[in-house]
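**Student:** Let me begin by handing over the structure; questions about it come next.
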Amino acid sequence: MDSGQILLSYIKVWVILLLLSATFQNSKLAAKNTAQDKKRKLAAENSGFISIDCGAEEDYLDGDTGITYKTDKDFISTGKNKVVAPEHNLTTLYYGNMANSLRTFPEGKRNCYTLKPRQGKNQNYYVRAFFYYGNYDSKNQTQIKFDLYIGVNHWTTVVDMQWTYYEIIHYSVTDTIYVCLVNTGFGVPFINGLDLRFMNDSPYRSMNGSLIPKVLADLGGLDPTLGAMRYKDDVYDRIWRLDVNLNDSVSNSTEANIDIQGSDDPCRLPVEVLRTAVQPRNGHNSLSYSYTLRHRENFTPEFLVFFHFAEIEQIAPGERREFTITLNGLNYGPFTLEYLKPLTIGPYKLQVPEDQVRFSIDATLRSDLPPILNAFEIFKLWPLPDSPTNQTDVDAIMAIKEAYKIDRVDWQGDPCLPLTTWTGLLCNDDNPPRIISLNLSSSQLSGNIAVSLLNLTAIKSLDLSNNELTGTVLEAFAQLPHLTILDLSGNKLTGAIPHSLKEKSNSRQLQLSLDGNLDLCKMDTCEKKKRSFPVLVIAFVISVSVLLLLNIITIFWRLKIGRLNVSLSSLVGLSRKELSLKSKNQPFTYTELVSITNNFQTIIGEGGFGKVYLGNLKDGRQVAVKLLSQSSRQGYKEFLAEKIAQIC
């Protein structure tokens, strides 16, 4: 083999090795990308997600987050879709197209989105609302202000005109969550987006209220000028702030894999947050931070604080990283970390009379390395003083609304709270409140009286007057324990007034109004007629049945006799005229009859009184001879003298 062939062989070997190497690297990259894509789909495909782009014309998939955004048409029936002015369009990373469309509410005091997560009541939910004015009305307004409610309780007051969002972790005691915008007289309320995330059994909860996220800090990570970031593998889809600075700190990071799926850390932070951290600068041994409330409350606020760690450095043998946490003067620790293993310390609950949360993380005297911190979260406990309306009453009034197709702007959200009740409703001050009065007079109602009205068991006054209601008056109204006023006048009701209602009316326990129902029977005779009606019907049916049976028997008998006569007539071949002429008053002796019938040889029929025999007269004519039976009322001797008729 010459040198050229040897060189060519080496080249072939190297090409094969390069191809194998490239294939191996590509397979590793594909596997890595598949794993990452799988994780990144975790948040987007979470069945506990509701993502609404308010004002959007159609659903769409956001490529940055993998989240499918729905239009809001299935969540609210009021308001108008708008778009921001072209010069105010925003390209917002990780927020879909929400910044460029919105829904406004020029009508109604309160307009509510209705969210029905499939996980139902007694669960924790992360709710987030987005707002951006964007000069959609070309008025360049700067003073718009309105209130935002979660259920029946105040959440926040929206005052920012630039792109902003508000968050709350809400423990819902009902299957339905209402997010309501309340007009306070300072401009038309609007909203750009609404998110709901199911929190499962996370540690983010307060049984006595909700949690308002104040700071969710991702430390040591991306460019702080980005402001905030949401990560695809965050199962709770939190928005992390990148611009939080701890005093005199520097960033640190790793590309090593951190197994968040196999971790028992309950907060389930995304891996991108855990891969970065901060530590003191220039060999210092302390990290510190303070948060001050913007607005003072009329109560002493409470906070929950979470600290998140993951050791991202491989510490040399014999060295240790050990630290303590001081939170508003309270000391916790010492703590140590394991390499690449997530650790959440907290939550710590504290009251803050001075409206400030302060903490420091300090290395212990035994520590060889400075402290680190990957992330932290500060939540404000938000009291929920008001309870939603009694659920039975809510279900009843919703069924009434559906039955009569009531379309009123203010019939949305909770019926009794927060500020004013629905038009036509009055509620008491119980906890939870109850519906005690319902006025649907002159509301164009039609059809029967809805049985769901009977589920308003605390109601005192019910006015359904001047509508187009038909059918009968429900006797069960008498069973409502608190009902003292029932106005059904001016309808088209029929039938009798239930006796129990008349008794309550006569005893003045119930003010009953039925005037204007022209077909409604108000006298006792209606009841008597009503009672006698079944008896008359039964008697009539029996009489008709008997007559019909007798007619059938008669017809059957006549047909039978008719068939016999036809047969005999055919047999003898004589006309009826001839028979009547020849047989009149012609007597025969018994001896003659024996001769005529050939000793009663041929039977041609049998009737109820005896047998009929064929006979032949001397002139050749055929005759029928009837012989009376012994059981007949007529005697045998008398029959011998009876006339005989010829067969026609």
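Numbered by mature numbering (1 follows the signal peptide of the UniProt record, and there is no 0), the letters in the sequence shown go through residues -30 to -1, 1 to 618 in order. All residues carry an ideal CB built from backbone N, CA and C; glycine is no exception.
1) Since V582 is in the beta strand (DSSP E), which residue starts that stretch and which ends it?
2) So, under 8 Å CB-CB, residue 655 and A420 are touching, yes? Tell me the CB distance rounded to an integer number of Å.
3) Please report the straight-line C-alpha distance between Q93 and A26, rounded to a whole angstrom.
4) Answer yes or no: do I138 and W125 have a C-beta to C-beta separation smaller than 8 Å?
5) Throw me the rounded Cβ distance for the L72 and N162 pair, which I believe falls under 8 Å.
6) Could you check what DSSP says for Y261 in three-state terms: helix, strand or coil?
7) Tell me which same chain residues have a C-beta within less than 6 Å of the C-beta of D107, skipping the five on either side of it?
8) Quick one, which of R404, D384 and F277 has its alpha-carbon nearest P341's?
9) Tell me where the alpha helix (DSSP H) around N476 begins and ends.
10) For the pair the region 226 to 245 and the region 255 to 266, tell me if three or more CB-CB distances fall below 8 Å.
11) Among residues of its own chain, excluding the 5 on either side of A448, which ones have a beta-carbon nearer than 7 Å to its beta-carbon?
12) Give me, in chain order, the residues of the same chain whose beta-carbon lies closer than 6 Å to that of Q321; leave out the 5 immediate sequence neighbours on both sides.
13) What are the boundary residues of the beta strand (DSSP E) that M199 is part of?
14) Buried or exposed for Q326, going by 16 or more other Cβ atoms inside 10 Å?
15) Check whether the region 95 to 111 touches the region 147 to 165, taking contact to mean three or more Cβ pairs, one atom from each stretch, closer than 8 Å.
16) L450: buried (16+ other C-beta within 10 angstroms of its C-beta) or exposed?
17) Hey, quick one: how far does the alpha helix (DSSP H) through V364 stretch, first residue to last?
18) Here's the rule: buried if 16 or more other CB atoms are within 10 angstroms of the residue's CB, otherwise exposed. What is L488?
19) Per DSSP, P353 forms a beta bridge with which residues?
20) Taking C-alpha atoms, which residue in F101, D589, N568 and Y119 lies nearest to W352?
21) Roughly how many angstroms separate the alpha carbons of T146 and V364, rounded to a whole number?
22) Find the nearest neighbour of I20 within the set I282, N105 and K40, judged by alpha-carbon distance.
23) Among L410, P403 and L300, whose alpha-carbon lies nearest the alpha-carbon of R328?
24) Out of F558, N227, K91 and G121, which has the shortest C-alpha to C-alpha gap to N81?
25) Please state if the CB of K91 and the CB of S142 are separated by a distance shorter than 8 Å.
26) If the criterion is Cβ atoms closer than 8 Å, does the pair P402 and W392 meet it?
27) Which residues bound the beta strand (DSSP E) around S21?
28) Might you give, ordered along the chain, the residues of its own chain that have their beta carbon closer than 7 Å to the beta carbon of T154, omitting 5 neighbours on each side?
29) Count the CB pairs spanning the region 41 to 59 and the region 185 to 196 that are closer than 8 Å, and state whether there are at least three.
30) Between N425 and the rest of its own chain, which residues show a CB-CB distance below 8 Å, the 5 nearest in sequence each way excluded?
31) Can you tell me the Cα-Cα spacing of A428 and L387, whole angstroms?
32) Looking at C-alpha atoms only, which residue of L310, I295 and Y302 is the closest neighbour of D332?
33) Find the nearest neighbour of D400 within the set P355, S411, S435 and V379, judged by alpha-carbon distance.
34) Starting from L563 and walking both ways along the alpha helix (DSSP H), at which residues does that stretch end?
35) Can you tell me the Cα-Cα spacing of T559 and L519, whole angstroms?
36) Reducing DSSP to helix, strand and coil, say where L423 ends up.
**Tutor:** Let me lay it out:
1) Working through the sequence shown from its first residue, we reach residue 582 at position 612. Where V582 is concerned, the enclosing beta strand (DSSP E) stretches over G580 to N586.
2) Nothing can be reported for residue 655, as the shown portion of the chain is limited to -30 through 618.
3) Taking the sequence shown and counting its residues from 1, the one referred to as residue 93 is at position 123. Taking the sequence shown and counting its residues from 1, the one referred to as residue 26 is at position 56. Cα-Cα distance, rounded: 29 Å.
4) Here residue 138 refers to the residue found at position 168 of the sequence shown. Here residue 125 refers to the residue found at position 155 of the sequence shown. It is a contact, given that the beta carbons lie within the stated cut-off.
5) Reading the sequence shown from its first residue, position 102 is the one you call residue 72. Reading the sequence shown from its first residue, position 192 is the one you call residue 162. With a Cβ gap of about 5 Å, L72 and N162 count as contacting.
6) The residue you call residue 261 lines up with position 291 of the sequence shown. The answer is strand: DSSP assigns Y261 an E or B state.
7) Residue numbering aside, residue 107 sits at position 137 when the sequence shown is read from its first letter. Taken in chain order, the list of residues that qualify is empty.
8) In the sequence shown, the residue the question calls residue 341 occupies position 371. Among R404, D384 and F277, the Cα nearest to that of P341 is on F277.
9) Taking the sequence shown and counting its residues from 1, the one referred to as residue 476 is at position 506. It spans H469 to N476 - the alpha helix (DSSP H) in which N476 sits, taken as one unbroken run.
10) no
11) In the sequence shown, the residue the question calls residue 448 occupies position 478. Counting only Cβ-Cβ distances below 7 Å, and skipping sequence neighbours, we find P468, S470, L471 and K474.
12) Translated into the one-based positions of the sequence shown, residue 321 becomes position 351. So the qualifying residues of the chain are T270 and E272.
13) Locating residue 199 in the sequence shown gives position 229, where the first residue counts as 1. A198 to R200 is the span of the beta strand (DSSP E), which, as asked, contains M199.
14) By 1-based counting over the sequence shown, the position of residue 326 is 356. Exposed: under 16 other Cβ atoms inside 10 Å.
15) yes
16) Position 480 of the sequence shown, counted from the start, is the residue given in the question as residue 450. L450 is buried by the Cβ-count criterion.
17) Mapped onto the sequence shown, residue 364 falls at position 394. Run containing V364: Q361 to A373, per the alpha helix (DSSP H) assignment.
18) The residue labelled residue 488 in the question sits at position 518 within the sequence shown. Per the 10 Å Cβ criterion, exposed.
19) Numbered from 1 along the sequence shown, position 383 holds the residue referred to as residue 353. Paired residues: G179.
20) If you number the sequence shown from 1, residue 352 lands on position 382. The shortest C-alpha separation from W352 is found at Y119.
21) Residue mapping note: residue 146 aligns to position 176 of the sequence shown, counting from 1. Residue mapping note: residue 364 aligns to position 394 of the sequence shown, counting from 1. Straight-line Cα distance between these residues: approximately 11 Å.
22) Sequence index remark: in the sequence shown, residue 20 carries index 50 (1-based). The candidate whose alpha carbon is nearest that of I20 is K40.
23) As a position in the sequence shown, residue 328 is number 358, starting the count at 1. The candidate whose alpha carbon is nearest that of R328 is L300.
24) Taking the first residue of the sequence shown as 1, we reach residue 81 at position 111. The shortest C-alpha separation from N81 is found at G121.
25) Indexing the sequence shown from 1 puts residue 142 at position 172. Indexing the sequence shown from 1 puts residue 91 at position 121. Contact flag set, yes.
26) Taking the first residue of the sequence shown as position 1, residue 402 is located at position 432. Taking the first residue of the sequence shown as position 1, residue 392 is located at position 422. No; because the gap between Cβ atoms is not below 8 Å, this pair is not in contact.
27) Against the sequence shown, residue 21 aligns to sequence position 51. From DSSP, the beta strand (DSSP E) with S21 extends over F19 to D23.
28) Translated into the one-based positions of the sequence shown, residue 154 becomes position 184. K115, F116 and D117, listed in sequence order.
29) no
30) The count along the sequence shown starts at 1 and reaches residue 425 at position 455. Only T362, D363, D365, A366 and A369 meet the Cβ criterion.
31) For this step, residue 428 is matched to residue 458 along the sequence shown. For this step, residue 387 is matched to residue 417 along the sequence shown. When rounded, the distance between both Cα atoms is 17 Å.
32) Stepping through the sequence shown from its first residue, residue 332 is reached at position 362. When only C-alpha atoms are compared, the closest one is I295.
33) As a first step, residue 400 must be located in the sequence shown, where it is residue number 430. The candidate whose alpha carbon is nearest that of D400 is P355.
34) Your numbering for residue 563 matches position 593 in the sequence shown. Looking at the DSSP string, the run of the alpha helix (DSSP H) that includes L563 is Y560 to I566.
35) Here residue 559 corresponds to residue number 589 of the sequence shown, with the count starting at 1. Here residue 519 corresponds to residue number 549 of the sequence shown, with the count starting at 1. So the alpha carbons of these two residues sit roughly 44 Å apart.
36) Start at 1 with the first residue of the sequence shown, and residue 423 comes out as number 453. L423 falls in the helix class under three-state DSSP.
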